[in-house]
Amino acid sequence: MLATAGAFTFSLPRATSRVLCRLRPARAFREPPGRARTFAFGVVLPLAAQLTQRQRQRRAHSTAMASGTAGTSTVPSLDPARVALLKGHGVTLQAIEPMGAKVAGLDLKGPEPPAAVLEALQAEMANRGFLVVSGQGVLSGDEQVKASELWGGRQIHSTHGMHPKAPNKHIFRLSNDPQVGINGVGPQWHNDGSFEVGVFSHVGYHIVRVPENTGNTLFCHQGAAYDALPRETQEFWSRLVSVNATSGVLHPMAHDHPINGRRSVYLHLGMTGGVLEKVGEDEFRLLEEEELTKLFHSYNDLLNNGLPANGGNYAISYQYQEGDCIFIDNLALAHKASPQAHNPDIKEQGLRILHRTTVKAMKPFMPGFNLPATATRELLTAAQDTSNGKGVFVAGGLGFRWDESIRMQN
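With full-length UniProt numbering applied, the sequence shown covers 1 to 410.
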(Lines of atoms letter the chains of each structure in order from A and count residues from 1; the text may use other names and numbers.)
(Lines give C-alpha, C1' and ligand atoms only; values in the text may rest on other atoms or scores of the structure.)
Protein backbone atom coordinates (compact mmCIF):
# COMPACT_ATOMS: atom_id res chain seq x y z
CA MET A 1 0.00 0.00 0.00
CA LEU A 2 1.06 3.62 -0.42
CA ALA A 3 1.50 5.80 2.67
CA THR A 4 2.49 9.43 3.01
CA ALA A 5 4.15 11.09 5.96
CA GLY A 6 5.02 14.76 5.73
CA ALA A 7 7.26 15.28 2.70
CA PHE A 8 7.97 11.58 2.28
CA THR A 9 6.12 9.25 -0.02
CA PHE A 10 6.94 5.61 0.43
CA SER A 11 5.68 2.19 -0.46
CA LEU A 12 4.78 0.25 2.66
CA PRO A 13 4.28 -3.42 1.84
CA ARG A 14 4.29 -6.26 4.34
CA ALA A 15 6.84 -6.27 7.13
CA THR A 16 9.32 -8.57 5.43
CA SER A 17 9.62 -6.76 2.10
CA ARG A 18 11.69 -3.78 1.04
CA VAL A 19 10.47 -0.22 1.46
CA LEU A 20 11.24 2.18 -1.35
CA CYS A 21 11.54 5.83 -0.29
CA ARG A 22 11.31 8.93 -2.39
CA LEU A 23 12.28 12.16 -0.61
CA ARG A 24 11.22 15.61 -1.65
CA PRO A 25 11.96 18.99 0.01
CA ALA A 26 9.05 20.16 2.13
CA ARG A 27 7.42 23.42 1.07
CA ALA A 28 5.70 23.81 4.42
CA PHE A 29 5.51 21.79 7.58
CA ARG A 30 2.43 19.72 8.23
CA GLU A 31 2.03 17.40 11.14
CA PRO A 32 1.21 14.03 9.54
CA PRO A 33 -1.67 12.09 11.03
CA GLY A 34 -0.98 9.00 13.07
CA ARG A 35 2.37 7.69 14.18
CA ALA A 36 5.18 6.65 11.90
CA ARG A 37 6.49 3.10 12.14
CA THR A 38 10.16 2.37 12.65
CA PHE A 39 12.11 0.71 9.89
CA ALA A 40 15.77 0.10 9.13
CA PHE A 41 15.30 1.90 5.81
CA GLY A 42 13.85 -1.25 4.39
CA VAL A 43 12.47 -3.64 6.94
CA VAL A 44 9.44 -2.59 8.95
CA LEU A 45 9.66 -3.86 12.53
CA PRO A 46 6.51 -5.10 14.27
CA LEU A 47 5.50 -2.77 17.09
CA ALA A 48 6.03 -5.42 19.78
CA ALA A 49 9.57 -6.01 18.53
CA GLN A 50 10.24 -2.26 18.57
CA LEU A 51 9.15 -1.99 22.21
CA THR A 52 11.20 -5.01 23.25
CA GLN A 53 14.33 -3.61 21.60
CA ARG A 54 13.80 -0.15 23.11
CA GLN A 55 13.25 -1.59 26.58
CA ARG A 56 16.51 -3.53 26.34
CA GLN A 57 18.30 -0.39 25.17
CA ARG A 58 16.94 1.73 27.99
CA ARG A 59 18.08 -0.82 30.57
CA ALA A 60 21.50 -0.96 28.96
CA HIS A 61 21.84 2.78 28.46
CA SER A 62 24.43 4.64 30.50
CA THR A 63 24.22 8.36 31.05
CA ALA A 64 27.95 8.70 30.51
CA MET A 65 28.48 10.54 27.24
CA ALA A 66 31.89 9.26 26.33
CA SER A 67 35.27 8.52 27.80
CA GLY A 68 37.43 11.52 28.51
CA THR A 69 37.14 14.67 30.59
CA ALA A 70 34.47 17.26 29.88
CA GLY A 71 35.73 20.65 28.79
CA THR A 72 35.14 24.03 30.44
CA SER A 73 31.76 25.50 29.53
CA THR A 74 31.11 29.23 29.63
CA VAL A 75 28.48 31.68 28.41
CA PRO A 76 30.21 34.94 27.39
CA SER A 77 29.84 38.02 29.55
CA LEU A 78 28.20 41.12 28.12
CA ASP A 79 30.56 43.09 25.91
CA PRO A 80 31.40 46.42 27.67
CA ALA A 81 31.73 48.31 24.38
CA ARG A 82 28.27 47.21 23.27
CA VAL A 83 26.80 48.01 26.69
CA ALA A 84 28.27 51.53 26.46
CA LEU A 85 27.01 52.03 22.90
CA LEU A 86 23.51 50.98 23.89
CA LYS A 87 23.56 53.22 26.96
CA GLY A 88 24.34 56.15 24.68
CA HIS A 89 21.05 55.44 22.92
CA GLY A 90 19.10 55.15 26.17
CA VAL A 91 19.05 51.34 26.17
CA THR A 92 20.41 49.40 29.15
CA LEU A 93 21.47 45.77 29.19
CA GLN A 94 21.66 43.63 32.34
CA ALA A 95 22.93 40.06 32.37
CA ILE A 96 20.65 37.26 33.52
CA GLU A 97 22.59 34.41 35.10
CA PRO A 98 23.73 32.02 33.87
CA MET A 99 22.63 33.19 30.39
CA GLY A 100 20.49 35.74 28.60
CA ALA A 101 20.11 39.47 29.25
CA LYS A 102 17.37 41.91 30.16
CA VAL A 103 16.81 44.98 27.97
CA ALA A 104 15.33 48.24 29.26
CA GLY A 105 14.66 51.45 27.37
CA LEU A 106 13.58 49.72 24.16
CA ASP A 107 10.01 50.44 23.05
CA LEU A 108 8.83 47.64 20.76
CA LYS A 109 5.70 49.63 19.91
CA GLY A 110 7.67 52.67 18.80
CA PRO A 111 9.84 53.58 15.78
CA GLU A 112 12.58 51.20 14.64
CA PRO A 113 15.78 51.67 16.68
CA PRO A 114 19.00 52.81 14.96
CA ALA A 115 20.98 50.17 13.07
CA ALA A 116 23.85 50.36 15.58
CA VAL A 117 21.47 49.48 18.42
CA LEU A 118 20.00 46.52 16.55
CA GLU A 119 23.46 45.25 15.58
CA ALA A 120 24.68 45.41 19.18
CA LEU A 121 21.58 43.67 20.53
CA GLN A 122 21.73 40.95 17.90
CA ALA A 123 25.40 40.31 18.68
CA GLU A 124 24.58 39.95 22.38
CA MET A 125 21.71 37.64 21.50
CA ALA A 126 24.16 35.41 19.62
CA ASN A 127 26.55 35.41 22.59
CA ARG A 128 24.14 35.24 25.53
CA GLY A 129 21.38 33.31 23.73
CA PHE A 130 18.33 35.45 24.39
CA LEU A 131 17.14 38.92 25.31
CA VAL A 132 14.14 39.78 27.49
CA VAL A 133 12.49 43.07 26.61
CA SER A 134 10.30 43.67 29.64
CA GLY A 135 7.47 46.02 30.52
CA GLN A 136 5.88 46.03 27.08
CA GLY A 137 2.31 45.38 28.23
CA VAL A 138 0.42 43.23 25.74
CA LEU A 139 1.66 43.60 22.16
CA SER A 140 -0.86 43.31 19.35
CA GLY A 141 -0.19 40.66 16.73
CA ASP A 142 1.00 43.31 14.28
CA GLU A 143 3.30 44.86 16.89
CA GLN A 144 4.92 41.51 17.70
CA VAL A 145 5.45 40.74 14.02
CA LYS A 146 7.04 44.16 13.50
CA ALA A 147 9.33 43.69 16.52
CA SER A 148 10.35 40.20 15.37
CA GLU A 149 11.37 41.54 11.96
CA LEU A 150 14.10 43.61 13.60
CA TRP A 151 16.31 40.50 13.73
CA GLY A 152 18.05 37.97 11.51
CA GLY A 153 16.50 37.63 8.07
CA ARG A 154 14.28 40.64 8.86
CA GLN A 155 11.18 38.89 7.57
CA ILE A 156 8.61 36.64 9.24
CA HIS A 157 8.70 33.01 8.08
CA SER A 158 5.59 31.20 9.30
CA THR A 159 4.91 27.49 8.83
CA HIS A 160 2.59 26.78 11.75
CA GLY A 161 -1.09 26.06 12.03
CA MET A 162 -3.29 28.95 13.12
CA HIS A 163 -5.48 28.85 16.20
CA PRO A 164 -8.83 30.65 15.76
CA LYS A 165 -7.95 33.08 18.57
CA ALA A 166 -4.55 34.05 17.13
CA PRO A 167 -4.51 37.83 16.51
CA ASN A 168 -2.39 37.57 13.37
CA LYS A 169 -1.74 34.81 10.83
CA HIS A 170 1.95 34.91 11.78
CA ILE A 171 1.26 34.35 15.49
CA PHE A 172 1.54 30.77 16.76
CA ARG A 173 -0.75 30.97 19.78
CA LEU A 174 0.14 28.49 22.54
CA SER A 175 -1.81 27.74 25.70
CA ASN A 176 -2.43 25.03 28.27
CA ASP A 177 -6.14 25.46 27.46
CA PRO A 178 -6.83 24.06 23.96
CA GLN A 179 -9.89 26.32 23.69
CA VAL A 180 -7.57 29.32 23.96
CA GLY A 181 -4.42 28.17 22.12
CA ILE A 182 -2.54 25.13 20.86
CA ASN A 183 -1.44 22.84 23.69
CA GLY A 184 1.39 20.37 24.24
CA VAL A 185 3.97 21.76 21.81
CA GLY A 186 7.72 21.20 22.20
CA PRO A 187 8.20 19.14 25.38
CA GLN A 188 11.71 17.96 24.32
CA TRP A 189 14.84 19.95 23.43
CA HIS A 190 14.68 21.37 19.91
CA ASN A 191 15.28 24.34 17.63
CA ASP A 192 12.31 25.76 15.74
CA GLY A 193 12.12 25.24 11.98
CA SER A 194 14.40 22.19 11.84
CA PHE A 195 12.36 20.87 8.90
CA GLU A 196 13.54 23.83 6.79
CA VAL A 197 16.79 24.20 4.84
CA GLY A 198 16.91 27.71 6.23
CA VAL A 199 16.24 27.14 9.94
CA PHE A 200 14.60 30.20 11.51
CA SER A 201 17.25 32.73 12.52
CA HIS A 202 15.36 34.11 15.51
CA VAL A 203 12.19 33.37 17.43
CA GLY A 204 10.01 35.69 19.50
CA TYR A 205 8.00 34.65 22.58
CA HIS A 206 5.52 37.14 24.02
CA ILE A 207 3.74 36.13 27.21
CA VAL A 208 0.14 37.33 27.00
CA ARG A 209 -1.08 35.58 30.15
CA VAL A 210 1.29 34.42 32.90
CA PRO A 211 -0.09 31.40 34.79
CA GLU A 212 -0.28 31.57 38.57
CA ASN A 213 1.87 28.45 39.02
CA THR A 214 4.83 28.88 36.66
CA GLY A 215 4.81 27.57 33.08
CA ASN A 216 8.44 28.22 32.23
CA THR A 217 10.43 27.78 29.03
CA LEU A 218 13.83 26.10 29.35
CA PHE A 219 16.73 27.44 27.27
CA CYS A 220 20.17 25.90 26.73
CA HIS A 221 23.24 27.60 25.25
CA GLN A 222 24.41 25.26 22.49
CA GLY A 223 27.90 26.75 22.21
CA ALA A 224 28.58 26.25 25.91
CA ALA A 225 27.06 22.77 25.65
CA TYR A 226 29.55 21.89 22.91
CA ASP A 227 32.41 23.08 25.11
CA ALA A 228 31.17 20.83 27.93
CA LEU A 229 31.68 17.72 25.80
CA PRO A 230 34.79 15.54 26.00
CA ARG A 231 37.08 16.05 23.01
CA GLU A 232 36.36 12.57 21.66
CA THR A 233 32.63 13.30 21.66
CA GLN A 234 33.17 16.67 20.00
CA GLU A 235 35.09 14.96 17.22
CA PHE A 236 32.43 12.25 16.81
CA TRP A 237 29.49 14.67 16.76
CA SER A 238 31.34 16.85 14.23
CA ARG A 239 31.07 13.92 11.79
CA LEU A 240 27.30 13.61 12.22
CA VAL A 241 24.42 14.98 10.15
CA SER A 242 20.76 14.69 11.20
CA VAL A 243 18.01 13.82 8.71
CA ASN A 244 14.66 15.47 9.41
CA ALA A 245 11.84 12.94 9.58
CA THR A 246 9.22 15.05 7.80
CA SER A 247 11.22 16.78 5.06
CA GLY A 248 14.52 14.91 4.70
CA VAL A 249 16.43 18.16 5.31
CA LEU A 250 20.03 17.65 6.47
CA HIS A 251 21.64 19.63 9.29
CA PRO A 252 25.04 19.28 11.02
CA MET A 253 25.11 18.12 14.62
CA ALA A 254 28.03 20.47 15.26
CA HIS A 255 28.38 23.77 13.41
CA ASP A 256 29.92 27.23 13.60
CA HIS A 257 27.38 29.89 14.55
CA PRO A 258 26.69 32.26 11.60
CA ILE A 259 27.14 35.47 13.63
CA ASN A 260 29.93 34.82 16.15
CA GLY A 261 31.48 31.64 14.70
CA ARG A 262 31.20 29.73 18.00
CA ARG A 263 31.18 25.95 17.66
CA SER A 264 27.75 24.72 18.74
CA VAL A 265 25.69 21.53 18.95
CA TYR A 266 22.38 21.03 17.13
CA LEU A 267 19.75 18.25 17.16
CA HIS A 268 15.95 18.13 17.22
CA LEU A 269 14.82 15.50 19.74
CA GLY A 270 11.27 15.33 18.41
CA MET A 271 11.58 15.36 14.62
CA THR A 272 14.78 13.55 13.61
CA GLY A 273 14.39 10.39 11.55
CA GLY A 274 18.01 9.28 11.48
CA VAL A 275 21.63 10.40 11.66
CA LEU A 276 24.40 10.04 9.09
CA GLU A 277 28.07 9.65 10.03
CA LYS A 278 30.84 10.62 7.62
CA VAL A 279 33.15 7.60 7.49
CA GLY A 280 35.17 8.25 4.33
CA GLU A 281 36.02 10.89 1.74
CA ASP A 282 32.56 10.68 0.18
CA GLU A 283 31.05 7.91 2.28
CA PHE A 284 28.37 8.01 4.97
CA ARG A 285 26.56 5.45 7.07
CA LEU A 286 23.24 5.53 8.94
CA LEU A 287 23.61 5.04 12.67
CA GLU A 288 22.08 1.85 14.04
CA GLU A 289 19.16 1.84 16.47
CA GLU A 290 21.27 1.32 19.60
CA GLU A 291 23.66 4.08 18.51
CA LEU A 292 20.78 6.47 17.84
CA THR A 293 19.20 5.76 21.20
CA LYS A 294 22.48 6.42 22.99
CA LEU A 295 23.13 9.58 20.94
CA PHE A 296 19.72 11.10 21.64
CA HIS A 297 19.95 10.30 25.35
CA SER A 298 23.45 11.80 25.49
CA TYR A 299 22.25 15.00 23.82
CA ASN A 300 19.28 15.23 26.17
CA ASP A 301 21.54 14.66 29.19
CA LEU A 302 24.03 17.25 27.96
CA LEU A 303 21.41 19.98 27.70
CA ASN A 304 19.65 19.05 30.95
CA ASN A 305 22.99 19.06 32.75
CA GLY A 306 23.40 22.73 31.86
CA LEU A 307 20.67 23.73 34.32
CA PRO A 308 21.92 25.19 37.65
CA ALA A 309 19.67 22.70 39.48
CA ASN A 310 21.79 19.97 37.90
CA GLY A 311 25.08 21.71 38.65
CA GLY A 312 25.43 23.38 35.24
CA ASN A 313 26.00 26.95 34.10
CA TYR A 314 24.71 27.04 30.52
CA ALA A 315 20.93 26.52 30.73
CA ILE A 316 18.04 28.24 32.44
CA SER A 317 14.39 27.65 33.29
CA TYR A 318 12.96 31.08 32.59
CA GLN A 319 9.92 32.22 34.57
CA TYR A 320 7.89 34.75 32.62
CA GLN A 321 6.83 38.11 34.02
CA GLU A 322 3.90 40.18 32.79
CA GLY A 323 4.80 42.05 29.62
CA ASP A 324 7.91 39.99 28.77
CA CYS A 325 8.86 39.68 25.14
CA ILE A 326 11.77 37.28 24.62
CA PHE A 327 13.84 37.06 21.45
CA ILE A 328 16.18 34.12 21.01
CA ASP A 329 18.94 33.36 18.55
CA ASN A 330 17.58 30.08 17.21
CA LEU A 331 21.00 28.70 16.27
CA ALA A 332 22.57 29.63 19.61
CA LEU A 333 19.81 28.19 21.81
CA ALA A 334 17.82 25.00 22.13
CA HIS A 335 14.61 25.22 24.09
CA LYS A 336 11.72 23.18 25.45
CA ALA A 337 8.54 23.84 27.38
CA SER A 338 8.34 22.85 31.02
CA PRO A 339 5.76 20.18 31.91
CA GLN A 340 3.76 22.81 33.83
CA ALA A 341 3.37 24.84 30.64
CA HIS A 342 1.16 22.06 29.25
CA ASN A 343 -0.91 21.36 32.37
CA PRO A 344 -4.55 21.60 31.19
CA ASP A 345 -5.90 21.88 34.75
CA ILE A 346 -6.53 25.62 34.74
CA LYS A 347 -7.69 25.65 38.37
CA GLU A 348 -4.43 24.05 39.49
CA GLN A 349 -2.03 25.69 37.05
CA GLY A 350 -3.63 28.92 35.93
CA LEU A 351 -4.11 29.99 32.33
CA ARG A 352 -0.98 30.35 30.17
CA ILE A 353 -1.02 32.13 26.79
CA LEU A 354 2.16 32.58 24.75
CA HIS A 355 2.48 34.09 21.27
CA ARG A 356 5.37 32.83 19.12
CA THR A 357 6.80 34.37 15.95
CA THR A 358 9.52 32.92 13.72
CA VAL A 359 11.99 34.84 11.56
CA LYS A 360 13.43 33.94 8.16
CA ALA A 361 16.94 32.48 8.06
CA MET A 362 19.91 34.71 7.31
CA LYS A 363 21.30 31.96 5.09
CA PRO A 364 20.75 28.22 4.49
CA PHE A 365 21.84 25.96 7.34
CA MET A 366 23.80 23.47 5.27
CA PRO A 367 25.11 20.09 6.49
CA GLY A 368 28.62 20.47 5.07
CA PHE A 369 30.70 17.59 3.67
CA ASN A 370 29.47 18.58 0.15
CA LEU A 371 26.10 17.03 0.99
CA PRO A 372 22.89 18.36 -0.57
CA ALA A 373 20.47 20.39 1.53
CA THR A 374 17.96 17.53 1.48
CA ALA A 375 18.59 13.79 1.59
CA THR A 376 18.04 11.85 -1.60
CA ARG A 377 17.02 8.24 -1.97
CA GLU A 378 20.45 7.50 -3.43
CA LEU A 379 22.24 9.04 -0.42
CA LEU A 380 20.23 7.08 2.15
CA THR A 381 20.45 3.87 0.16
CA ALA A 382 24.24 4.17 -0.04
CA ALA A 383 24.43 5.03 3.68
CA GLN A 384 22.28 2.01 4.49
CA ASP A 385 24.57 -0.22 2.43
CA THR A 386 27.59 1.16 4.31
CA SER A 387 25.76 0.27 7.54
CA ASN A 388 25.42 -3.34 6.35
CA GLY A 389 21.65 -2.97 6.34
CA LYS A 390 21.47 -2.11 10.05
CA GLY A 391 21.09 1.67 9.79
CA VAL A 392 17.81 3.19 10.98
CA PHE A 393 15.70 5.91 9.45
CA VAL A 394 12.13 6.71 10.57
CA ALA A 395 10.04 8.73 8.14
CA GLY A 396 7.31 11.11 9.20
CA GLY A 397 5.82 12.51 12.37
CA LEU A 398 8.03 12.45 15.43
CA GLY A 399 10.83 10.52 13.72
CA PHE A 400 12.96 8.14 15.76
CA ARG A 401 11.39 7.39 19.14
CA TRP A 402 14.46 7.33 21.36
CA ASP A 403 12.53 6.93 24.62
CA GLU A 404 9.05 5.43 24.77
CA SER A 405 8.59 6.59 28.36
CA ILE A 406 8.51 10.33 27.61
CA ARG A 407 5.99 12.43 25.71
CA MET A 408 6.83 13.70 22.25
CA GLN A 409 5.01 16.39 20.27
CA ASN A 410 6.19 18.90 17.70
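No residue lacks a Cβ here, since even glycine has one placed at the ideal position from N, Cα and C. Since the structure is predicted, the reported quantities are computational estimates derived from the model, not experimental observations.
Residue environment: GLU232 is assigned as exposed (fewer than 16 neighbouring CB atoms within 10 Å of its CB, all protein chains considered). Residue GLN122 holds the alpha-carbon nearest to the alpha-carbon of ASN260 among GLN122, HIS342 and SER247. LEU85 and GLU124 do not touch by the CB rule: their CB atoms are close to 11 Å apart, not below 8 Å. If you ignore the 5 residues before and after LEU351, its C-beta comes within less than 8 Å of the C-beta of SER175, ASN176, ASP177, VAL180, ARG209 and PRO211, all in its own chain and listed in chain order. When beta bridges are read from the DSSP output, GLY280 appears opposite GLU283. Pairing GLN321 with GLY391, the inter-Cα distance amounts to about 46 Å.
Contact annotation: PHE393 and LEU218 have beta-carbon atoms that are not nearer than 8 Å. GLY306 and ALA224 do touch by the CB rule: their CB atoms are close to 7 Å apart, below 8 Å. For TYR226, the uninterrupted alpha helix (DSSP H) segment begins and ends at 222-227. Taking the Cα positions, GLN409 is about 19 Å away from TYR205. Residue environment: GLU149 is assigned as buried (16 or more neighbouring CB atoms within 10 Å of its CB, all protein chains considered). If you draw a straight line from the Cα of GLY273 to the Cα of VAL249, it comes to about 10 Å.
Nearest to ASN370 by alpha-carbon distance, out of ALA332, ASN191, HIS251 and ASN300, is HIS251. In this structure, the beta-carbon distance from HIS221 to LEU333 falls below 8 Å. Within the same chain, and ignoring the five residues on either side of SER387 in sequence, the residues whose Cβ sits closer than 6 Å to its Cβ are ARG285 and LEU286.
Short of 8 Å from the beta carbon of LEU292, and not among the five residues preceding or following it, lie these beta carbons of its own chain, in chain order: GLY274, VAL275, VAL392, PHE400 and TRP402.
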